[in-house]
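Numbering (the working numbering), first residue to last: 268 to 336.
Take a look at the structure set out below.
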(Lines of atoms letter the chains of each structure in order from A and count residues from 1; the text may use other names and numbers.)
(Lines give C-alpha, C1' and ligand atoms only; values in the text may rest on other atoms or scores of the structure.)
Protein backbone atom coordinates (compact mmCIF):
# COMPACT_ATOMS: atom_id res chain seq x y z
CA UNK A 1 0.00 0.00 0.00
CA UNK A 2 1.52 3.27 -1.12
CA UNK A 3 1.08 6.82 0.15
CA UNK A 4 -1.85 7.67 -2.13
CA UNK A 5 -3.71 4.51 -1.13
CA UNK A 6 -3.06 5.40 2.50
CA UNK A 7 -4.45 8.89 1.88
CA UNK A 8 -7.62 7.45 0.34
CA UNK A 9 -8.16 4.98 3.19
CA UNK A 10 -7.57 7.71 5.77
CA UNK A 11 -10.02 9.97 3.92
CA UNK A 12 -12.67 7.23 3.99
CA UNK A 13 -12.28 6.75 7.74
CA UNK A 14 -11.99 10.42 8.73
CA UNK A 15 -14.77 11.88 6.60
CA UNK A 16 -17.62 9.71 7.80
CA UNK A 17 -19.85 10.46 10.79
CA UNK A 18 -18.62 7.19 12.28
CA UNK A 19 -15.37 5.52 11.14
CA UNK A 20 -17.20 2.19 11.01
CA UNK A 21 -19.10 3.48 7.98
CA UNK A 22 -15.85 3.78 6.04
CA UNK A 23 -14.69 0.23 6.74
CA UNK A 24 -16.67 -1.34 3.91
CA UNK A 25 -15.42 1.23 1.40
CA UNK A 26 -11.85 0.67 2.57
CA UNK A 27 -12.20 -3.09 2.21
CA UNK A 28 -13.59 -2.63 -1.29
CA UNK A 29 -10.72 -0.36 -2.28
CA UNK A 30 -8.10 -2.70 -0.87
CA UNK A 31 -9.81 -5.68 -2.52
CA UNK A 32 -9.00 -4.13 -5.91
CA UNK A 33 -5.39 -5.27 -5.38
CA UNK A 34 -6.48 -8.84 -6.13
CA UNK A 35 -7.72 -7.84 -9.57
CA UNK A 36 -5.31 -5.08 -10.57
CA UNK A 37 -2.22 -5.32 -8.36
CA UNK A 38 -0.57 -2.87 -5.98
CA UNK A 39 0.97 -0.60 -8.62
CA UNK A 40 -2.25 0.01 -10.51
CA UNK A 41 -4.22 0.57 -7.30
CA UNK A 42 -1.66 3.13 -6.16
CA UNK A 43 -1.79 4.95 -9.52
CA UNK A 44 -5.59 4.94 -9.43
CA UNK A 45 -5.51 6.40 -5.91
CA UNK A 46 -3.12 9.12 -7.09
CA UNK A 47 -5.60 9.99 -9.87
CA UNK A 48 -8.57 9.95 -7.48
CA UNK A 49 -6.80 12.26 -5.03
CA UNK A 50 -5.82 14.63 -7.89
CA UNK A 51 -9.42 14.95 -9.07
CA UNK A 52 -10.67 15.38 -5.50
CA UNK A 53 -12.73 12.20 -5.48
CA UNK A 54 -11.00 9.58 -3.32
CA UNK A 55 -13.99 7.23 -3.28
CA UNK A 56 -14.43 3.54 -4.01
CA UNK A 57 -16.61 4.34 -7.01
CA UNK A 58 -14.00 6.66 -8.54
CA UNK A 59 -11.11 4.28 -7.95
CA UNK A 60 -13.02 1.30 -9.36
CA UNK A 61 -13.95 3.34 -12.44
CA UNK A 62 -10.37 4.54 -12.98
CA UNK A 63 -9.12 0.96 -12.81
CA UNK A 64 -11.87 -0.48 -15.00
CA UNK A 65 -11.35 2.14 -17.72
CA UNK A 66 -7.56 1.93 -17.52
CA UNK A 67 -7.20 5.63 -16.71
CA UNK A 68 -4.37 4.84 -14.31
CA UNK A 69 -2.03 3.93 -17.17
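Cβ atoms here follow ideal geometry from the backbone N, Cα and C, with glycine treated the same way.
Quick caveat, the model's predicted, so the values are computed rather than measured.
Taking DSSP as the reference, what is the three-state secondary structure of residue 295?
helix
Taking the alpha carbon of residue 270 as the point to measure from, which residue in 328, 330, 311 has its own alpha carbon closest?
311 is the residue among 328, 330, 311 whose C-alpha sits nearest the C-alpha of residue 270.
Applying the 10 Å Cβ sphere with the 16-neighbour rule, what's the burial state of residue 294?
exposed
Boundaries of the alpha helix (DSSP H) in which residue 321 is found, first to last residue:
Per DSSP, residue 321 belongs to no alpha helix (DSSP H) and is neither H nor E.
With 16 other Cβ atoms within 10 Å as the buried cut-off, status of residue 319
When all chains shown are included, residue 319 counts as exposed.
Contact check, residue 296 vs residue 329 under 8 Å by CB: the rounded distance?
Contact doesn't hold; Cβ gap of about 11 Å is too wide.
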